[in-house]
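Protein chains: 2
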Amino acid sequence: MYLEKINGPEDVKKLTVKEMSTLAEEMRTALLKRASIHGGHFGPNFGMVEATIALHYVFESPKDKIVYDVSHQTYPHKMLTGRKDAYLYEEHYDDVSGYSNPHESEHDHFIIGHTSTSVSLACGLAKARDLNGEKGNVIAVIGDGSLSGGEALEGFDYAVELEGNLIIVVNDNDMSIAENHGGLYGNLKLLRETNGQAECNLFKAMGLDYIYVNEGNDVASLIEAFSKVKDSKKPVVVHINTLKGKGYAPAEQHKEQWHYSGPFDIKTGKPLYGEFGEDYSSVTCDYLLKKMKEDKSVVAITSATPTVMGFTEDKRKEAGKQFVDVGIAEETAVAMAAGIASNGGKPVYGVYSTFVQRTYDQLSQDLCINNAPATIVTFWGSVFGMNDVTHLGLYDIPMMANIPNLVYMAPTTKEEYIAMLDWSIEQNEHPVAIRLPGGEMISDGKEVTKDFSKLNKYEVTEKGSKVAVIALGTFYQLGKEVVDDLSDKLDTQATLINPYYITGIDSELLEELKKEHDVVITIEDGILDGGFGEKISRFYGPTDMKVINFGLKKEFLDRYDVNEVLKENHLTKEQIVEDVMALMK
Amino acid sequence: MYLEKINGPEDVKKLTVKEMSTLAEEMRTALLKRASIHGGHFGPNFGMVEATIALHYVFESPKDKIVYDVSHQTYPHKMLTGRKDAYLYEEHYDDVSGYSNPHESEHDHFIIGHTSTSVSLACGLAKARDLNGEKGNVIAVIGDGSLSGGEALEGFDYAVELEGNLIIVVNDNDMSIAENHGGLYGNLKLLRETNGQAECNLFKAMGLDYIYVNEGNDVASLIEAFSKVKDSKKPVVVHINTLKGKGYAPAEQHKEQWHYSGPFDIKTGKPLYGEFGEDYSSVTCDYLLKKMKEDKSVVAITSATPTVMGFTEDKRKEAGKQFVDVGIAEETAVAMAAGIASNGGKPVYGVYSTFVQRTYDQLSQDLCINNAPATIVTFWGSVFGMNDVTHLGLYDIPMMANIPNLVYMAPTTKEEYIAMLDWSIEQNEHPVAIRLPGGEMISDGKEVTKDFSKLNKYEVTEKGSKVAVIALGTFYQLGKEVVDDLSDKLDTQATLINPYYITGIDSELLEELKKEHDVVITIEDGILDGGFGEKISRFYGPTDMKVINFGLKKEFLDRYDVNEVLKENHLTKEQIVEDVMALMK
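Protein chains in written order, with UniProt numbering: chain A, 1 to 585; chain B, 1 to 585.
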């Protein structure tokens, strides 16, 4: 086996082209086995095996620096740069993250997990090289799906201004996570069909040199192309035509489904773990499809992650023109939602907490200054969400909830969510965002009759005295447990409050609490800095009320154990009760 | 005079082409007079006079909806849509804002002040039209300078997916605020030189139809072009070649200088008010130019607003390769800074507070997760900054200061600023941002010896008891006045603290304050929600310390009187002292 002997790029360079093709087969076998047991980003890595071998054959990493966009094609790179064990041996699978990471290897230059950043980052590496009078190639590898993101297009536009070496490998597998959306994909198609010869060429229109490689899964063709551009004195695009999921029939056929995969049976391609039941994704889709049928102006918007809203391929078909995928283009998604809402439409934009970060200015300017009554649903804004450092859902409260005019809401159950969503779609006064709780979806069947148009009206769900617990979103259930325990310990019923609104203070209720309470605590599912609890602390700052804010410390976590993190942040029932009791003495 | 009789687009339609040309002259005369007295965005409006007349002649506003990117070309539009008085009569000059505004007229559809949003917003208007089965044209007007922004490029890419009417007028005057930067401008030049015939065409590569108008300041040619695309069933770009500043010789010659202008003498073009002295812009440039000479790896970065960093044309020349203008592309600016810092360069990105909003995700992902030791300088983050609703500098603290790893600092004087800047450039541990104070620059000549690498160490500048005043950045001077007054009233010296750091708490010092203080107040120049003061309130929440946070209410202000706003927010010395004294009783 060649792969076992690859301890770094220098070992790749020793192989013949034929041996490299065998190596590619070995890498695919290892990738397949690992994915079937461990899960991960499947399709994009399978398409990039040969190109990665060729890159390491031609270039001298780490002196030549390769930057992989969004990192979804870094597994072959990791295999060839001293990290093969993490792909060969099950006991080492967790030695590496799913993302490029300089702490793992000198062959990685950034921690990257969001799309569309590689060209701009590479421009920075190249600029520093030139300022310091150093040599070496800088190579950005970007998938076609990432091209629709604003930062990527900005980077392509800027690149020519560098006036120095920069090689941009466009890995074109004709797919984003789902199918591609946007006019530029027509141009990529034209270029593929004309063997790169079409005069109308997006990359040339951006001032860049360009070469095309039709056989993007053939090591010899790739080596030839990369050798041609090596040490280029100006920016050049190498457009390579690859096959997503190459080498595994189910993945070649069902590209969207195999972009990312959990553990599965290699023979059949079937997932090892059964379908999950109802969740916030399916509930969102079911509700919206029904609503769309009643009202032609309702439209769901995604930025290339339709399934987080439950819109699988069949559901998208069902929604027809009432479903919009703008591609990886969160800024345009929010601006479009503002435009639709301003012209009599009812848009609902569903987005991961970690990706809503990509559109702060549009939230502020296009949406909130214009008070456009669009709805945003934030998924996975929770400590129980994704746990890679680049995909955390812990920061959306400080980012969004401090933008004027936005009404940011936190339901605690399915029923509250649907009631808020329905209210938001039908109202015409405010931009509204809804932050879905983390953990398992709770459905209590209770009818929600609350009038959400009375903004910032919290609800006392258990009336008591001494201690009041304001428990937001995810942590409402925890708050309830705390209240129960406190009531026992204090021999008095404590007060439980569901605040519903993240963006404002119910000052009337907070005033009222002063009468019979000595301590108010807040619990929220996100970092404390700039968060919900601090607003309560500020309110009570000049008074005798004691306040404790529970939530997460401001830091970047990575691949964490959620229970450990909860403990470290005093977010268990026992710790909270203990902290409160300490204050009562 | 025709202009006096124009009360809406219907009056434009009554004119002959010859009369429209006379109208154009009248409009320019009015614009020139108003600009000479009132100031405003000069160049972009002068170039768009004929195109605006032609748009209103051909289309039926407001049924047909025109969206103007960044609003810098809306003055002619306002003149033709019932707001001519604000351009004809000095006493009415302030009746209108400098930006498009639906509260002023049904012919405006959004409040817009940031660039690159028009196409995506127009896509939203068009989508709502189509969902509701309505008719009418949607027209986005975007200047060439705005094309480099990610949101604009996303919008162009998405547009073809609409499969319905959308007309994008690209107003190409071959200038951004300063000269354009980016490869796509080479393509615009090629298109201008080939009368729009070049095969390689950025817009066609995005899947869009395209027509070119060489005589972009000729009413008849424009009418012909717009008539051709009216009621188009699919998105089409109308690329018009205009002259920035047309009709006023000094502005035609010195385009950058005349992008925006204060009051000036029409005959000579000379500004009425003298040059300002030393300010944070000039100080920044002077420091950086000196530093660049000592160290070739120091590089200043701007996103199309070089002069805010003091880099006028001559200074840019002096800096040479050590000055980078990425064009209007804040995301790429931050990513590049991260890339440069990661590869041994020393980047300093200078940006307006209102525009740093455009790059939250890059701050978080590219910069802070990677702990890249780049420096950002935030200009005009202050209530004393720009006062149009789209250009406020009141929100950068909640947006930036809650991102993990970032060290956000607030100097109070020129000397502190330069010391921080120098420290930041030389250190290798943290991404650092520096928020310049508002109001007049204070230079006290004091040597700054503080070691800024000891993060979050506040400084007690006046040691006292009972009340401690933590006064951040701009408001340090106000804090000093408050302390002086309180010391008189309480007959005890109060404590004054310069916190320097926005992003963290000096818990040791705050603990210490408990011993001899009953009240701690914070004063900050920005909104309170998610801000600096709330962190202090949270810290003291469980204790007996009384805390009041002074700062601004979370809201969108527009064209405000700064003294009124300060009063409304209890930010005068008298009010603060009164509030504190009320608490001492």
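Just so you know, even glycine gets a beta-carbon here, dropped at the ideal spot from N, CA and C.
The contact set of B:E568 on chain A, defined by CB atoms closer than 8 Å, is empty, because the minimum CB distance reaches about 15 Å. A:Q477 is outside the set of residues whose beta carbon lies under 8 Å from a beta carbon in chain B. Taking the beta carbon of A:S120 as reference, the chain B residues within 9 Å of it are V326, A329, E331, T332, A333, V334, A335, M336, A338, G339, Q362 and D366, listed in sequence order.
Membership of B:D396 in the alpha helix (DSSP H) is indicated by the continuous run D396 to M400. Against chain A, a Cβ distance below 7 Å from B:H109 picks out S342.
Residues P373 of the same chain have their beta carbon placed closer than 6 Å to that of B:N428, with the five preceding and five following residues left out of the count. Under DSSP, A:I139 forms a beta bridge with A:I66 and A:I167. At a cut-off of 8 Å between beta carbons, B:P404 contacts chain A. Interface residue (Cβ-Cβ distance to chain A less than 8 Å): B:K234 is not classified as such. A:K228 sits away from A:V138, with the two beta carbons spaced by 8 Å or more.
DSSP places B:D314 inside the alpha helix (DSSP H), whose first and last residues are E313 to A319. Proximity of chain B to A:P398 at the Cβ level (cut-off 9 Å) is accounted for by P398, M399, A401, N402, I403 and G530, in chain order. Counting the other Cβ atoms within 10 Å of the Cβ of A:Q257 gives 16 or more, which makes it buried. Restricting attention to beta strand (DSSP E) runs no shorter than 3 residues, the segment 496-539 of chain A encloses them at 517-527, ordered along the chain. Per the C-alpha coordinates, the member of A:N165, A:G344, A:Y185 and A:G164 positioned closest to A:N173 is A:Y185. Counting only unbroken stretches of 3 or more residues, the beta strand (DSSP E) elements lying wholly within the segment 193-225 of chain A are 209-213, in sequence order.
Secondary structure note for A:G350: its beta strand (DSSP E) is the uninterrupted segment K346 to Y352. For B:N7, the three-state secondary structure derived from DSSP is coil. A:N241 carries a strand assignment under DSSP once its states are collapsed to helix, strand and coil. In this structure, B:S148 is the residue among B:S148, B:E193 and B:E154 with its C-alpha nearest to the C-alpha of B:H181. Residue contact with chain A for B:N45: absent (no Cβ-Cβ distance below 8 Å to any residue of chain A). When DSSP states are grouped into helix, strand and coil, A:R358 belongs to the helix group. If you check the CB distance, B:M386 and B:T354 come in under 8 Å.
Proximity of the segment 567-583 of chain A to the segment 476-485 of chain A meets the contact definition, three or more beta-carbon pairs being nearer than 8 Å. The C-beta separation of B:I177 from B:H259 comes to about 5 Å, placing the pair in contact by the 8 Å criterion.
Listed along the chain, the chain B residues whose CB falls inside 7 Å of the CB of A:H114 are D361 and Q365. In the same chain as B:I397, and ignoring 5 residues on each side of it, the C-beta atoms closer than 8 Å to its own belong to G381, Y408, R435, I502, E524, G526, I527, G530, G531 and F532, in chain order. Contact of B:N132 with chain A by beta-carbon distance below 9 Å involves K296, S297, N343, G344 and G345. With a cutoff of 8 Å on beta-carbon distance, B:V348 and B:S303 are scored as not near each other. The secondary-structure analysis by DSSP pairs A:A433 across a beta bridge with A:I376 and A:Y408. Contact with chain B is absent for A:T52, since none of that chain's Cβ atoms lies less than 8 Å from the residue's Cβ. For A:T332, the enclosing alpha helix (DSSP H) starts and ends at E330 to S342.
Excluding residues up to 5 positions away in sequence, G47, N173, N217 and E252 lie with their Cβ nearer than 7 Å to the Cβ of B:L243 in the same chain. Within the segment 181-197 of chain B, those residues whose Cβ lies closer than 7 Å to any Cβ of chain A are, in chain order, H181, G182, G183, L184, G186 and N187.
The C-alpha of B:T495 is placed about 14 Å away from the C-alpha of B:Q477. A straight-line Cα-Cα distance of about 24 Å links B:I112 and A:G327.
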